[in-house]
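Trainee:
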Amino acid sequence: MGTNDQKRSLPHGLRLVALAGAAALTLTAGLATPLDPAPQQARAADDGKKVLTVAVAQSVDSLSPFLAVRLLSTSIHRLMYEYLTNYDPKDNHAIPGLATKWEPSPDKLTWTYTIRANSKWSDGEQATAEDAAWTFNKMMTDTGAATANGSYVGNFRKVTAPSPTELVIELKKPQATMAALDVPIVPKHVWEKVSDFSEFNNDKSFPVVGNGPFVLSGYKADSYVRLKANKSFWRGSPKFDELVFRYYKDQDAAVSALRKGEVSFVAGSPSLTPAQAESLKGADDIRVNDAPGRRFYALATNPGAKAKNGKRFGDGHPSLLDQRVRNALFRAVDREAIIDKVFRGHAVEGEGYIPPRFQDYFWKPSADRKLAYDPAEAARLLDQAGYKKNGDGKRVGKDGKPITYRVLCHATDPNDKAVGKYLQEWWGKLGIGVQLNCLDNVTDPWLAGKYDLAFDGWSVNPDPDFVLSIHTCGALPATPEETGATDNFICDKKYDELYARQLTEYDPAKRADIVKQMESRLYDLGYMNVMAYPNAVEAFRTDQIKSITTMPAKAGNIYGQDGYWSWWSAVPADSGGSSDNAASTGVVVAIVAGVVVLAGLGGFAAMRRRATAEERE
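Per the numbering used here, residue 2 is the first one in the sequence shown, and the count goes up by one each step.
Below, the structure is given as structure tokens:
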């Protein structure tokens, strides 16, 4: 869909973090890299505070961690709340977060987490295991609280807090994601007052109580999100006093603001266009970071929207229920042309569901199975499926009417519009019409199943479970009136069986093999056609930011990380000597500009929040 961008938002080279017998890990390398942006030369505010302003093209869907799925929203929650574990910015292996260590029982059905004693909520209360237990139990018992991250707790049998520093999770069966539970832990004493989790957006009373490196201090829809540094954060206070995410509907306007010094960082929607990046290279006091991305760019096909109760809804074109038609459409997409002409080389040709940045999980079809660009074969498949041309050269449906597909497009993403024009040309030659529906909000028609195809994308996390879960039957909405965790209503029994197997497999190599089988199944079904793996192209002002952490350390991204490293580590350009933070023991990571690395990052990839222009994390 397109809500984290819809979440989606998926991460970098990795290793399987849920290993049997996982032991306590300590953070031995911190990070440092900076960004200092504030309006009006983005230097210091009138009161002398150092303000970092980040231009974003995506709006917030919700500030409730139980509901949010867009990349911007979930990135903000990583700044506001601690998770049990975090990901090392160097290579994405699991490191302590709210939990200092975690250990499974011999049968892997009980996991015990030691909760740190030096984490406090911003209102002064101690963060304890009871907060974590309450968070998970609420998700297990309240469907509204399970909207965003319910897949993580579906296998939980019982969660308890025997003491303030001990959390115990009992499972129904082994679960390989226990060191990668990407769930924000909230303060029980605040959230237990919420009556309806499906409606509460956490955006009316400020400051919002949290225990992350920043505290949410202000918000105006489609305008800004303001956070202040948490001076008592256990890992050390951020170097900037305030962090502001400023919304720009027009990406060119955001780039102009960067040139003027009104903002210090621009990420685009979610990346800068090639033309924008080229225009910034060589500009005074501006550096462009061009690194392998953690997301994919795809065409999602409506498989016939339905709910768990079996009721169908929406109005997807019936011809798309035929796999031959879906494969024919993808056979008529010239992915090389998209890479060269739309992304201008700032992307890699799409194949499997998980980007090559996550080498352990990256899958590509064999030569004899690849749906390569072949317009003649596409036409043959359509003929074979019974969708032949009429006297006017138009393909007609079973009802005798010419076929025109409605394609949902993000109004803020220039790539959608550019690729859409190519689709009109390529599919037009097949005799199929294309109607581009470019909207500011694609979520509503998407959730209602009122589309034929849609530009889709997700950002991938260090563990693949979430991004895989959004295509299971269990992710469908309970009824047509409700909202599920599904991406685009895919429900396939074989895929579900593979999903269940990977979730219980602790051996990294074996799990990776099952994940690749799932990717293969998605590819063959043709409901999710990956066109490209875009680079993360972003820019910042070096006269405002001395250093900032990329993730992974070599050729990584800054915006939308799996963690809070970039904004927590950002050092103001006028900070003088080295900025010393009590818990920051690491090294300063320099930004890598213009580097394109496709493989060799090792590890574990997964996705979690979508990343088209509206982006799920």
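For glycine and all other residues, C-beta sits at the position ideal for the given N, C-alpha and C.
What residue range does the alpha helix (DSSP H) around residue 511 cover?
Mentor: 509-526
Trainee: Apply the 10 Å Cβ neighbour rule to residue 163 and answer buried if 16 or more other Cβ atoms are within range, or exposed otherwise.
Mentor: When all chains shown are included, residue 163 counts as exposed.
Trainee: Taking residue 534 as the reference, give the member of 178, 347 and 557 with the closest Cα.
Mentor: 347
Trainee: Short check: CB of residue 299 to CB of residue 262, under 9 Å?
Mentor: no
Trainee: Report the rounded CA-to-CA distance for residue 166 versus residue 125, giving the unit in angstroms.
Mentor: 17 Å
Trainee: Are residue 148 and residue 67 touching if we call contact CB-CB under 9 Å?
Mentor: yes
Trainee: Using three-state DSSP, classify residue 147 as helix, strand or coil.
Mentor: In the structure shown, residue 147 falls within a coil segment according to DSSP collapsed to helix, strand and coil.
Trainee: Give the range of the alpha helix (DSSP H) segment to which residue 496 is assigned.
Mentor: 494-505
Trainee: Residue range of the alpha helix (DSSP H) that residue 171 falls in?
Mentor: Here residue 171 belongs to no alpha helix (DSSP H); instead the beta strand (DSSP E) covers 167-172.
Trainee: Going by Cα to Cα distance, which pick from 123, 312 and 439 is closest to residue 212?
Mentor: 123
Trainee: Would you kindly report the start and end of the unbroken beta strand (DSSP E) that includes residue 408?
Mentor: 405-411
Trainee: Put residue 23 into one of helix, strand or coil per three-state DSSP.
Mentor: Confidence at residue 23 is low in this model, with a pLDDT of 33, below 50, so the placement of that residue is unreliable and no value is reported for it.
Trainee: Quick check on residue 232 - is its C-beta less than 9 Å from some C-beta in chain D?
Mentor: Of the chains in the structure shown, none is chain D; there is only one protein chain.
Trainee: Over the uninterrupted alpha helix (DSSP H) stretch that includes residue 426, give me the two end residues.
Mentor: 415-430
Trainee: Considering residue 96, what are the terminal residues of the beta strand (DSSP E) in which it resides?
Mentor: According to the DSSP assignment, residue 96 belongs to the beta strand (DSSP E) that extends over 95-97.
Trainee: Alpha carbon to alpha carbon, how far is residue 426 from residue 527?
Mentor: 21 Å
Trainee: In the structure shown, what three-state DSSP assignment does residue 233 receive?
Mentor: coil
Trainee: Keeping to the same chain, check which residues put their C-beta closer than 8 Å to that of residue 428; ignore five residues upstream and five downstream.
Mentor: 330, 333, 406, 434 and 435
Trainee: At 4 residues or longer, what runs of the alpha helix (DSSP H) sit wholly inside the region 320-385?
Mentor: Whole alpha helix (DSSP H) segments, 4+ residues: 324-332 and 376-385.
Trainee: Quick one, are the C-beta atoms of residue 368 and residue 56 less than 9 Å apart?
Mentor: no
Trainee: From 461, 396, 467 and 451, pick the residue whose C-alpha is nearest to that of residue 432; which is it?
Mentor: 396
Trainee: With H, G and I counted as helix, E and B as strand and the rest as coil, what does DSSP make of residue 159?
Mentor: strand
Trainee: Put residue 469 into one of helix, strand or coil per three-state DSSP.
Mentor: Here residue 469 carries a helix assignment [DSSP, helix/strand/coil].
Trainee: Using the Cα positions of residue 568 and residue 245, report the straight-line distance between them to the nearest angstrom.
Mentor: 10 Å
Trainee: Identify, in the order they occur along the chain, each residue of the same chain with its Cβ nearer than 8 Å to the Cβ of residue 141, setting aside the five sequence neighbours on each side.
Mentor: 147, 154, 157 and 160
Trainee: Which residue wins for smallest C-alpha separation from residue 295, given the options 465, 222, 383 and 447?
Mentor: 465
Trainee: For the alpha helix (DSSP H) that contains residue 264, what are its first and last residues?
Mentor: Note, residue 264: premise wrong, no alpha helix (DSSP H); not H, not E.
Trainee: Got a sec? Which residues, its chain only, sit under 8 Å from residue 515 by beta carbon, not counting five neighbours each side?
Mentor: If we look at residue 515 and ignore the five residues flanking it on each side, its Cβ neighbours are 499, 502, 503 and 506.
Trainee: What residues in its chain sit with their C-beta under 7 Å from that of residue 313, if we drop five residues either side in the sequence?
Mentor: 305, 306 and 307
Trainee: Is the region 536-548 touching the region 219-233 in the sense that three or more CB pairs, one from each, lie closer than 8 Å?
Mentor: no
Trainee: Starting from the C-beta of residue 480, find all residues in its chain whose C-beta is less than 6 Å away, skip the five residues before and the five after it, and write them out in chain order.
Mentor: 308 and 310
Trainee: Only counting the same chain, and skipping five residues up and downstream in sequence, which positions put a Cβ closer than 7 Å to that of residue 513?
Mentor: 361 and 362
Trainee: Output needed for residue 423: all residues of its chain with C-beta closer than 6 Å, excluding positions within five of it in sequence on either side, in chain order.
Mentor: none
Trainee: Measure the alpha-carbon distance for residue 335 versus residue 382 and round it to whole angstroms.
Mentor: 17 Å
Trainee: Out of curiosity, what's the CA-to-CA distance linking residue 410 and residue 319?
Mentor: 20 Å
Trainee: With a CB to CB cut of under 6 Å and the five nearest residues on each side skipped, what residues in its chain are close to residue 365?
Mentor: 352 and 353
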